[in-house]
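Novice:
2 protein chains.
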Amino acid sequence: MSLPEVVPEVVRLQEKFDLFQEHWSPKVVGELNGQQVKLAKISGEFVWHSHEHEDELFLVTKGTLLMRFRDGERRIGVGEFIVVPRGVEHLPVAETPEVWMLMFEPAGTLNTGNVVNERTVAEPEHL
Amino acid sequence: MSLPEVVPEVVRLQEKFDLFQEHWSPKVVGELNGQQVKLAKISGEFVWHSHEHEDELFLVTKGTLLMRFRDGERRIGVGEFIVVPRGVEHLPVAETPEVWMLMFEPAGTLNTGNVVNERTVAEPEHL
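For the protein sequence lines, the chains are A and B, in the order given. All letters in the first sequence, in the order written, are residues 0 to 126 by numbering that gives the first Met the number 0. All letters in the second sequence, in the order written, are residues 0 to 126 by numbering that gives the first Met the number 0.
Structure below.
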């Protein structure tokens, strides 16, 4: 091989979380296989929505996330994750004053899914 | 909608890690968008390998992972991750007696990539 090999950078979650304070504004911190790793801080509740073509993973690193579904709800604490399948309506709610979470989802996934309103972040920032 | 909505289960990383002790034997704990979430416990060093078509993410939850590359190395501690792009040779090494990590990669990714030997786990267990 004549091209130099890549030595990828390490991503430190705490360092990335320290770079922003806004709620409900996911930041892209990694990309692989057409998927993105995003970090978000949330407070209060979001909007009911679903994603037609994308499954979404939420891994909590601070606080407790309450995920409401039309037929039930789940609490996701630190060190726990949930996968919301495509097409399933959900409403993320921060059950503690602030929740920090890591999300895995296809690149281009809109935070508000099938709903476009003032909370939609069309082009999430890369950190 | 006449079909009942899905209420997905929460995955607790600690509970899943408690279910196995083997080293270098990734367990599948989640699936989304053709990708899998795997957990692994490792000790000592693995084998040099690369993945022709798959990028791999390693997020450390216990200990320190040393990832060697042909042109350098990176240390990944708790709460840190690295993405190893497809085609890049790498050698994972546990720098502490044991390392626990979460991996995110396409379903079907072989742990030993382009190398098939006694450490290859062809069909990882689902927990």
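Beta carbons: idealized from backbone N, C-alpha and C, even for Gly.
My understanding is that V10 of chain B touches E79 of chain A, with C-beta atoms under 8 Å, so please give their C-beta distance in whole angstroms.
Specialist: 6 Å
Novice: Using a cut-off of 8 Å between C-beta atoms, extract the partners of F80 of chain A located in chain B.
Specialist: V9, V10, L12, G29 and V36
Novice: Listed in chain order, which residues of the region 80-109 of chain B have Cβ atoms closer than 7 Å to some Cβ of chain A?
Specialist: F80, I81, V82, V83, P84, V87, E88, F103 and P105
Novice: Since K26 of chain A contacts E124 of chain A with CB under 8 Å, what's their CB separation in whole angstroms?
Specialist: 5 Å
Novice: Could you tell me which chain A residues have their CB closer than 8 Å to the CB of R73 of chain B, listed as they occur along the chain?
Specialist: Per Cβ cutoff of 8 Å: V6, P7, E8 and V9.
Novice: Taking Cβ-Cβ distances shorter than 7 Å, what residues in chain A pair up with D17 of chain B?
Specialist: Ordered by position in chain A, no residue passes the 7 Å Cβ test against D17 of chain B, which lies about 12 Å from the chain.
Novice: In the structure shown, what three-state DSSP assignment does Q20 of chain B receive?
Specialist: coil
Novice: Using 10 angstroms around the beta-carbon of E104 of chain B, count the other beta-carbons present and answer buried if the total reaches 16, otherwise exposed.
Specialist: buried
Novice: Would you verify that the beta carbon of N113 of chain A is, or is not, closer than 7 Å to some beta carbon of chain E?
Specialist: Protein chains A and B are contained in the structure displayed, whereas chain E is not.
Novice: Locate the beta strand (DSSP E) running through V98 of chain A, then write down its first and last residues.
Specialist: For V98 of chain A, the enclosing beta strand (DSSP E) covers residues V98 to P105.
Novice: At a CB-CB cut-off below 7 Å, which residues of chain A make contact with L126 of chain B?
Specialist: Among the residues of chain A, none has a CB under 7 Å from the CB of L126 of chain B; the nearest is roughly 13 Å distant.
Novice: Can you grab the Cα-Cα spacing for the pair R118 of chain B / V46 of chain B, in whole Å?
Specialist: 8 Å
Novice: In whole angstroms, what separates the C-alpha of I75 of chain B from that of V5 of chain A?
Specialist: 16 Å
Novice: Quick check: N110 of chain A and V120 of chain A, are their CB atoms within less than 7 Å of each other?
Specialist: yes
Novice: Using the beta-carbon of each residue, which ones in chain B are nearer than 8 Å to L56 of chain A?
Specialist: G29, L31 and V36
Novice: Please name the residue, chosen from A:F19, A:V98 and A:L18, that lies closest to K61 of chain A on a Cα-to-Cα basis.
Specialist: Of the listed residues, the one whose Cα sits closest to K61 of chain A is A:V98.
Novice: Would you say I81 of chain A and P7 of chain B are within 7 Å of each other, going by their C-beta atoms?
Specialist: In this structure, P7 of chain B lies closer than 7 Å to I81 of chain A by Cβ.
Novice: Jot down the residue ranges of each uninterrupted beta strand (DSSP E) in the region 14-86 of chain B, minimum 3 residues, whole runs only, in chain order.
Specialist: 26-31, 34-41, 55-61, 64-68, 71-75 and 79-83
Novice: Residues of chain A with a CB under 9 Å from the CB of F68 of chain B: which are they?
Specialist: E4, V5, V6 and P7
Novice: Go ahead and pull the three-state DSSP assignment for L126 of chain B.
Specialist: coil
Novice: Taking the alpha carbon of G33 of chain A as the point to measure from, which residue in B:T95, B:R85 and B:L101 has its own alpha carbon closest?
Specialist: B:R85
Novice: Per DSSP, V9 of chain B forms a beta bridge with which residues?
Specialist: A:I81
Novice: May I have the straight-line CA-CA distance separating L101 of chain B from L90 of chain B, to the nearest angstrom?
Specialist: 16 Å
Novice: With distances taken Cα to Cα, identify the nearest neighbour of A39 of chain B among B:E88, B:L64, B:R69 and B:E72.
Specialist: B:L64
Novice: Show which residues of chain A have a CB atom less than 8 Å away from the CB atom of E53 of chain B.
Specialist: Correct list: N32.
Novice: Start and end of the beta strand (DSSP E) containing V92 of chain A?
Specialist: Counting along the chain, the beta strand (DSSP E) containing V92 of chain A begins and ends at H89 to A93.
Novice: Taking a contact to mean a Cβ-Cβ separation below 7 Å, would you say L126 of chain A touches L18 of chain A in this structure?
Specialist: yes
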